[in-house]
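Protein chains in written order, with our numbering: chain A, 4 to 65; chain B, 38 to 219.
Read through the structure below, which is laid out as structure tokens, and then see the notes.
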Amino acid sequence: MQPDAPAPKNASGLNREIQAKIGQQLRAIYDDVVQEGVPDRFADLLKQLDKPDKPSEEGRTE
Amino acid sequence: MNVDPALRDQMLAAIPSLRAFAISLSGNVDRADDLVQETILRALANIHSFQPGTNMPAWLFTILRNLFRSEYRKRRREVEDADGTFAETLKSHPDQIGRVEFREFRQALAQLPAEQREALILVGASGFSYEEAADICECAVGTIKSRVNRARSRLAKLLAIDNVDEFGPDHATRAVLMRHDT
């Protein structure tokens, strides 16, 4: 008779597969964000430093 | 403000990953971007304390983490998105990972204690070494290692519940087999 093919309890093999999957999913969700690159907001913020105009004490809010 | 263009470029280069880390901490894209903005401003104000040639990403991550923690302490508790961290950012996933799997993964990730999740992300996604992650989290290397290990086994346990179905070779095959069974 056919044993009811139990899930491989053999922890290590299964475990390794799950661990690989975890790593893959973790990087996938993270890289989704990374691939958005640098939002304009931050690029502008850092670009402002190029301009020689000195920020007045109060700064000017638009 | 006078900032060496090379340093500025290094900051720019670190921003995408910094945002992803911020989202993983705050669970909210808008808050994450505010955190990144604050981090940049803080970094610029303290740029003199950055030693050129050292690790710019790690420096920025450290600043961001500290900002988050002090802010978090102030705000105390906000309702955590039940769908888990990164829920908002979800869009195109690689084909090999199913939608259901992804949601379950995010939910499992959200169930981890913050310190474990953070360690796992720094090492497993941001690509920092254990040593760098320990610097960022201001703890011992061994602490990071054990947090990462505990995070991994907890995730494995959470995900293994549905393992047979979700991680098995494939759903469809099983469904077909079951149908034949009757």
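Positions of the beta carbon are idealized from the N, C-alpha and C atoms, including for glycine.
Keep in mind the model is a prediction, meaning the values are calculated, not measured.
Query: Run down chain B in chain order and give the residues with a C-beta less than 9 Å from the C-beta of A:A46.; Result: L49, I52
Query: Could you work out which residue in B:A51, B:I84, B:A50 is closest to B:D41 when comparing CA atoms only?; Result: B:I84
Query: Do you know whose CA, among B:T76, B:G161, B:M48, lies nearest B:N27's CA?; Result: Outside the displayed range of chain B (38 to 219) lies residue 27 of chain B, so it cannot be described from this structure.
Query: By how many angstroms is the C-alpha of A:A31 removed from the C-alpha of B:N39?; Result: 37 Å
Query: Using the beta-carbon of each residue, which ones in chain A are nearer than 8 Å to B:V40?; Result: L52
Query: State the DSSP-derived secondary structure class of B:N65, mapped to helix, strand or coil.; Result: coil
Query: Is the CB-CB distance between B:I181 and B:A171 below 7 Å?; Result: yes
Query: Is there contact here, the region 59-69 of chain B with the region 86-93 of chain B, by at least three beta-carbon pairs under 8 Å?; Result: no
Query: Put B:S190 into one of helix, strand or coil per three-state DSSP.; Result: helix
Query: Check this for me: beta carbons of B:A80 and B:L55, under 7 Å apart or not?; Result: no
Query: Compare the C-beta of B:F123 against all C-beta atoms of chain A and say whether one is closer than 7 Å.; Result: yes
Query: When DSSP labels each residue in this structure, what does B:C176 get in the three-state scheme?; Result: coil
Query: A:F45 lies in the alpha helix (DSSP H); which residues open and close that run?; Result: 43-50
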